[in-house]
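So the working numbering is basically just the index in the sequence shown, starting at one, shifted up by 59.
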Amino acid sequence: MVQHRPHTTVVLAMSADGKIADFRREPARFGSKADKAHLEEQIAASDAVLFGAGTLRAYGTTLTVSHPTLLQHRIQGGKSAQPLHIVITHAANLNPELHFFQQPIRRWLLTTTAGALSWQRREGKLPTKAGTPPQELAPKFEQILVFETPTGKIDILAALQHLAYLHITRLAILGGGELVASMLELDLIDELWLTVCPLILGGASAPTPVQGEGFAANLAPRLQLLEVRQVDQEVFLHYKLQQIVD
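See the structure below:
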């Protein structure tokens, strides 16, 4: 069944042994200028980007579109200069002093009822009803979206369907591994761009592109390789998820 939701593309850089950060979970800055330019291109091609609270805490900022040609293409296409940046988090335990909140972008928060209450207490705002757009604008986030399952988890599919209703057709997923895992489990990922960088990080606790509980080999999502591109010592791999056939 076709789900009415944005087209989703995961964009991540990893070490040659499949780690997206070291064992200390510090910000991954091992990608080259070419990798950063590639990431900016993917962000520029999207209507919105989605990333977890852990990713935001690690970097403190988000990558914005700055290349003049990319900005020009967005404006000529009738889009805003910057895509919408959406933080997804269950608890919304975010530091309001992060530089992210000073960047010239539109910011939305996707969370649970408890997460919305926690953030709005900090902001001095009233709570919103689950599954409905907020009635007030928070100073830090333009909108707070609450889509929740009966078990109290974020209802990602319902959230994506809401984004599609708002004419967001392309969504870039920038990590972390828990978010990617949860979306793969729900068959909500269409494509992956993985940059393989020339270093070995190791470490059992170092995060990978897909965290979670993992998949049994016979039930694992299958990929189709669309493109392989080498730039100096890095390899850019472009996959699409194979359709699940019952």
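Using N, Cα and C, we set each Cβ at its ideal position, and we do this for glycine too.
Roughly how many angstroms separate the alpha carbons of residue i and residue j, rounded to a whole number?
i	j	result
Val290	Ala96	12 Å
Phe159	Val108	14 Å
Leu245	Ile259	31 Å
His297	Leu251	6 Å
Thr208	Leu233	23 Å
Gln141	Gly174	26 Å
Thr172	Phe200	16 Å
Ala112	Leu153	7 Å
Ala72	Gln292	13 Å
Ala151	Thr170	7 Å
Thr67	Arg180	32 Å
Glu237	Leu130	31 Å
Ser91	Ser74	12 Å
Leu217	Phe206	Looking at the sequence itself, residue 217 is Ala, so the reference to Leu does not match. For Ala217 and Phe206, the distance between alpha carbons rounds to 7 Å.
Residue i by DSSP, collapsed to three states: which one?
i	result
Glu195	Bear in mind that a pLDDT of 49 at Glu195, under 50, signals an unreliable position, so the model cannot answer this.
His63	coil
Phe159	helix
Thr121	coil
Lys78	coil
Glu85	coil
Leu300	strand
Ala72	strand
Gly111	strand
Ile134	helix
Alpha carbons only, please: which of the options is nearest the one belonging to residue i?
i	options	result
Thr148	Pro163, His126, Glu182, Phe110	Phe110
Thr114	Gln302, Glu286, Thr267	Thr267
Val239	Val124, Glu272, Ile227	Glu272
Pro257	Leu71, Val69, His66, Asp76	Asp76
Leu285	Ala276, Gln292, Gln301, Lys138	Gln301
Gln270	His226, Gln202, Lys138, Met242	Met242
If I measure Cβ to Cβ from residue i and keep anything under 6 Å in the same chain, skipping five residues before and after, which residues do I get?
i	result
Arg64	Leu219, Gln220, Ala223
Phe295	Thr254, Arg288
His144	Val108, Thr121, Ile164, Arg166
Pro86	Ala117, Tyr118
Assuming residue i contacts residue j under a Cβ cut-off of 8 Å, what Cβ separation, rounded to an integer in Å, is found between them?
i	j	result
Arg84	Ala117	7 Å
Val70	Ile248	At roughly 11 Å, the Cβ-Cβ gap does not stay under 8 Å, so Val70 and Ile248 are not in contact.
Ile102	Ala231	6 Å
Between which residues of its own chain and residue i is the CB-CB distance below 7 Å, once the five residues before and five after are set aside?
i	result
Ala265	Lys78, Ala80, Asp81, Phe82
His126	Glu99
Using C-beta distances below 8 Å, list every residue in its chain close to residue i, excluding the 5 sequence neighbours before and after it, in chain order.
i	result
Thr128	none
Gly262	Lys78, Asp81, Phe82
Arg281	Leu300, Gln301
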